[in-house]
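Shown next, in structure tokens, is the structure this report addresses.
4 protein chains.
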Amino acid sequence: MKSEFKFHHDIRVRFADTDLQGIVFNGNYLTYYDVAWTEYFRELGLTYQKMLEMNADTVLARTEIDFKAPARFDDILEIYVRVAKIGNSSLLFRFEIYLQGEDRLLNAATSLYVCIDSKTLKSTRVPDALRSLISELEGTTVNRE
Amino acid sequence: MKSEFKFHHDIRVRFADTDLQGIVFNGNYLTYYDVAWTEYFRELGLTYQKMLEMNADTVLARTEIDFKAPARFDDILEIYVRVAKIGNSSLLFRFEIYLQGEDRLLNAATSLYVCIDSKTLKSTRVPDALRSLISELEGTTVNRE
Amino acid sequence: MKSEFKFHHDIRVRFADTDLQGIVFNGNYLTYYDVAWTEYFRELGLTYQKMLEMNADTVLARTEIDFKAPARFDDILEIYVRVAKIGNSSLLFRFEIYLQGEDRLLNAATSLYVCIDSKTLKSTRVPDALRSLISELEGTTVNRE
Amino acid sequence: MKSEFKFHHDIRVRFADTDLQGIVFNGNYLTYYDVAWTEYFRELGLTYQKMLEMNADTVLARTEIDFKAPARFDDILEIYVRVAKIGNSSLLFRFEIYLQGEDRLLNAATSLYVCIDSKTLKSTRVPDALRSLISELEGTTVNRE
Numbered sequence: 003m004k005s006e007f008k009f010h011h012d013i014r015v016r017f018a019d020t021d022l023q024g025i026v027f028n029g030n031y032l033t034y035y036d037v038a039w040t041e042y043f044r045e046l047g048l049t050y051q052k053m054l055e056m057n058a059d060t061v062l063a064r065t066e067i068d069f070k071a072p073a074r075f076d077d078i079l080e081i082y083v084r085v086a087k088i089g090n091s092s093l094l095f096r097f098e099i100y101l102q103g104e105d106r107l108l109n110a111a112t113s114l115y116v117c118i119d120s121k122t123l124k125s126t127r128v129p130d131a132l133r134s135l136i137s138e139l140e141g142t143t144v145n146r147e
Numbered sequence: 003m004k005s006e007f008k009f010h011h012d013i014r015v016r017f018a019d020t021d022l023q024g025i026v027f028n029g030n031y032l033t034y035y036d037v038a039w040t041e042y043f044r045e046l047g048l049t050y051q052k053m054l055e056m057n058a059d060t061v062l063a064r065t066e067i068d069f070k071a072p073a074r075f076d077d078i079l080e081i082y083v084r085v086a087k088i089g090n091s092s093l094l095f096r097f098e099i100y101l102q103g104e105d106r107l108l109n110a111a112t113s114l115y116v117c118i119d120s121k122t123l124k125s126t127r128v129p130d131a132l133r134s135l136i137s138e139l140e141g142t143t144v145n146r147e
Numbered sequence: 003m004k005s006e007f008k009f010h011h012d013i014r015v016r017f018a019d020t021d022l023q024g025i026v027f028n029g030n031y032l033t034y035y036d037v038a039w040t041e042y043f044r045e046l047g048l049t050y051q052k053m054l055e056m057n058a059d060t061v062l063a064r065t066e067i068d069f070k071a072p073a074r075f076d077d078i079l080e081i082y083v084r085v086a087k088i089g090n091s092s093l094l095f096r097f098e099i100y101l102q103g104e105d106r107l108l109n110a111a112t113s114l115y116v117c118i119d120s121k122t123l124k125s126t127r128v129p130d131a132l133r134s135l136i137s138e139l140e141g142t143t144v145n146r147e
Numbered sequence: 003m004k005s006e007f008k009f010h011h012d013i014r015v016r017f018a019d020t021d022l023q024g025i026v027f028n029g030n031y032l033t034y035y036d037v038a039w040t041e042y043f044r045e046l047g048l049t050y051q052k053m054l055e056m057n058a059d060t061v062l063a064r065t066e067i068d069f070k071a072p073a074r075f076d077d078i079l080e081i082y083v084r085v086a087k088i089g090n091s092s093l094l095f096r097f098e099i100y101l102q103g104e105d106r107l108l109n110a111a112t113s114l115y116v117c118i119d120s121k122t123l124k125s126t127r128v129p130d131a132l133r134s135l136i137s138e139l140e141g142t143t144v145n146r147e
């Protein structure tokens with residue numbers, strides 16, 4: 003539900019994103035979520051470079067994706083993003099995609115990202131500075147789930 | 003576990019599949035699974051064209067993906083594929099990816115495909131002919147899960 | 003040179019667009035040009051649907067691309083687009099890519115698109131309505147090259 | 003013409019490679035050429051890792067692509083590859099794509115790759131060892147063009 007989210011980022015579907023069924027190829031939703039994830043961090047004031055500097059590189063560890071209805075070429079998609087839970091070394095993201103201006107859910111994902119050291123690739127604790135920034139954006143709901 | 007599968011298809015990781023972390027970008031695993039899915043049906047004697055003719059077009063409805071360890075450029079990936087369950091209008095696929103010749107699981111997915119009418123896009127019953135072909139390949143285990 | 007162009011469209015480089023060299027994979031520039039091409043037609047008041055309706059579906063027949071300098075993750079690219087020449091059944095596009103706010107050319111392409119009938123895929127004459135719209139945007143320079 | 007080539011590599015078109023026109027999206031040909039380029043070097047006994055070790059990292063500097071006829075889902079494409087010319091710091095590749103077992107040219111490209119130092123990204127001389135390996139595969143024709 004859109005109202006659960008404080009942030010969204012819009013993406014227009016590219017011709018190259020479609021396949022011969024005339025709809026967006028399924029793998030491209032992970033690209034859309036990745037873009038929206040990047041923009042969520044930019045909203046927090048964090049570029050990828052700054053995240054590396056605060057030792058908060060991340061990798062996607064697990065995702066669940068529901069394909070409710072197809073997106074098509076030239077559609078403007080609103081990608082809603084929120085952090086549902088902050089773990090010791092992980093961030094649980096929730097994503098939902100709606101056609102611009104509509105309330106019908108097209109696609110949804112729940113994705114677990116793990117903070118890693120970009121050199122050793124081992125998991126690291128979510129930095130306190132990152133916890134603060136996320137909590138500030140999301141309000142008090144993050145750690146209660 | 004490789005021994006649960008009757009079929010696998012090998013894919014070599016392309017340079018274009020990697021990202022600046024030096025590993026395969028997460029969305030590309032859905033492409034790998036899609037390719038292996040196509041080859042699974044070819045193993046059954048079914049091209050996409052034949053599937054359309056038997057009114058068995060499909061769409062991906064839901065997927066869960068576990069990213070256990072990254073794949074890298076030039077790796078040869080063994081993509082294992084099996085149908086875990088045949089529902090009324092759906093096929094539940096299980097996929098696992100291993101580095102060629104190794105037993106360490108890199109990536110795994112459970113994906114629900116729904117049979118649709120390619121014109122109306124409404125769900126249709128899994129054709130009996132398709133049920134037979136799958137059961138023949140998989141043995142007796144398909145409908146018991 | 004930016005000043006030769008009446009139109010540009012900005013694209014931010016996605017993580018998925020990069021490869022293990024840490025730069026944008028070469029094939030993705032054709033996607034960027036395709037997006038900018040779509041936006042050029044939108045600037046003319048034409049969606050893809052409207053182009054189909056005026057019997058002006060197109061295919062890319064030939065392209066020459068110069069890779070002057072690499073683009074990187076998170077860069078904002080200004081994609082400049084103009085029609086350099088309108089032939090009987092073809093449109094010659096010129097594209098140039100600059101980092102936002104900079105004058106150093108990163109990438110350039112000259113691409114020949116051919117108008118086709120979307121059913122027969124045979125080449126068709128560039129519709130007069132399209133010629134007018136392009137000439138209006140570009141000014142008097144289009145047919146002189 | 004196939005007979006000009008000593009090497010080819012086959013690629014089957016993936017569902018994800020197609021677009022809503024039902025044909026391979028133009029940018030994907032650069033991916034196909036990149037894969038075939040990698041396999042050409044493997045034929046020479048060179049993995050990307052070995053090329054880095056012989057200080058022969060490369061970047062694509064320029065390409066010209068002719069889109070003669072579209073490739074479609076599930077087509078098996080024969081990607082022919084040869085080095086047409088070895089310059090001081092560059093390799094000129096010629097690529098041609100045919101449907102498996104047919105003589106009709108679908109796509110062709112001429113691509114200039116420049117050897118670079120992978121740290122400084124500055125152009126370097128084509129290593130003698132690489133010149134020898136290529137000349138051995140191609141025969142006496144390489145330096146005459």
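Chains as they are written, first to last, in the numbering used here: chain E, 3 to 147; chain L, 3 to 147; chain Y, 3 to 147; chain U, 3 to 147.
Where a beta carbon is used, it is the ideal one built from N, C-alpha and C, also for glycine.
Quick caveat: nothing in here was measured; it's all calculated off a predicted structure.
The residues D119, T126 and P129, in chain order, have a CB closer than 7 Å to that of Y/N57 in the same chain once the five nearest residues on each side in sequence are set aside. About 7 Å separates the beta carbons of Y/F9 and Y/L139, which is inside the 8 Å limit, making them a contact pair. Of all residues in the stretch 62 to 82 of chain U, only L62, A63, R64, T65, E66, I67, D68, F69, K70 and P72 come within less than 9 Å of chain Y when Cβ atoms are compared, listed by chain position.
Legend: CB atoms of the stretch 31 to 48 of chain U lying less than 7 Å from CB atoms of chain L belong to residues T33, D36, V37 and T40. Beta bridge pairing from DSSP links Y/D12 with Y/E80. Put simply, the stretch 42 to 53 of chain E does not touch the stretch 102 to 113 of chain E. Fewer than three CB pairs are less than 8 Å apart.
Put simply, the backbone Cα of Y/I67 is about 30 Å away from that of L/L32. Along the stretch 58 to 131 of chain U, the beta strand (DSSP E) occurs as fully enclosed runs of 3 or more residues at 59 to 69, 78 to 88, 92 to 101 and 107 to 118, listed in sequence order. With fewer than three CB-CB distances shorter than 8 Å, the stretch 79 to 97 of chain U does not count as touching the stretch 90 to 106 of chain Y.
For L/F17, the chain Y residues whose Cβ falls inside 8 Å of its Cβ are D21, L22 and F27, in order along the chain. Residue-level contact by beta carbon fails for L/Y115 and chain U, as no gap is shorter than 8 Å. Exposed is the label assigned to E/D12, since fewer than 16 other Cβ atoms lie within 10 Å of its Cβ.
Rounded to whole angstroms, the Cβ separation of L/R74 and L/V15 is 6 Å, and the two are in contact under 8 Å. Inclusion of L/F43 and U/D36 in the CB contact set at 8 Å is not warranted, their separation being larger than that value. For U/D59 and U/W39, the gap between their C-alpha atoms comes out near 13 Å. Our two residues, Y/M3 and Y/S137, have alpha carbons roughly 20 Å apart in a direct line. Residues R106 and L108 of the same chain have their beta carbon placed closer than 7 Å to that of E/A71, with the five preceding and five following residues left out of the count. Apart from the 5 residues on each side of it in sequence, Y/T65 sits with its Cβ closer than 6 Å to the Cβ of A111 and S113 in its chain, given in chain order. Sixteen is the threshold: when 16 or more other Cβ atoms of the shown chains lie within 10 Å of the Cβ of U/G29, as they do, the residue is buried.
In this structure, the straight-line span from the alpha carbon of Y/A63 to that of U/S134 is close to 36 Å. For Y/N30, the uninterrupted alpha helix (DSSP H) run begins and ends at N30 to E45, by DSSP.
By the neighbour-count definition (other C-beta atoms within 10 Å, threshold 16), L/E6 is an exposed residue. L/Y115 and U/D21 have their C-alpha atoms roughly 21 Å apart. Spanning the alpha carbons of U/G24 and U/E104 requires a straight line of approximately 21 Å. Rounded to whole angstroms, E/C117 and Y/D77 show a C-alpha spacing of 24 Å. Interface criterion met: the Cβ of U/Y50 is under 8 Å from a Cβ in chain L. Beta-bridge analysis with DSSP links U/T20 to U/V26. Collapsing the DSSP output to three states places L/L48 in coil. Shown here, U/M3 sits in coil according to DSSP, grouped into three states, outside any helix or strand. With 16 or more neighbouring CB atoms inside 10 Å of its own CB, L/L132 falls in the buried class.
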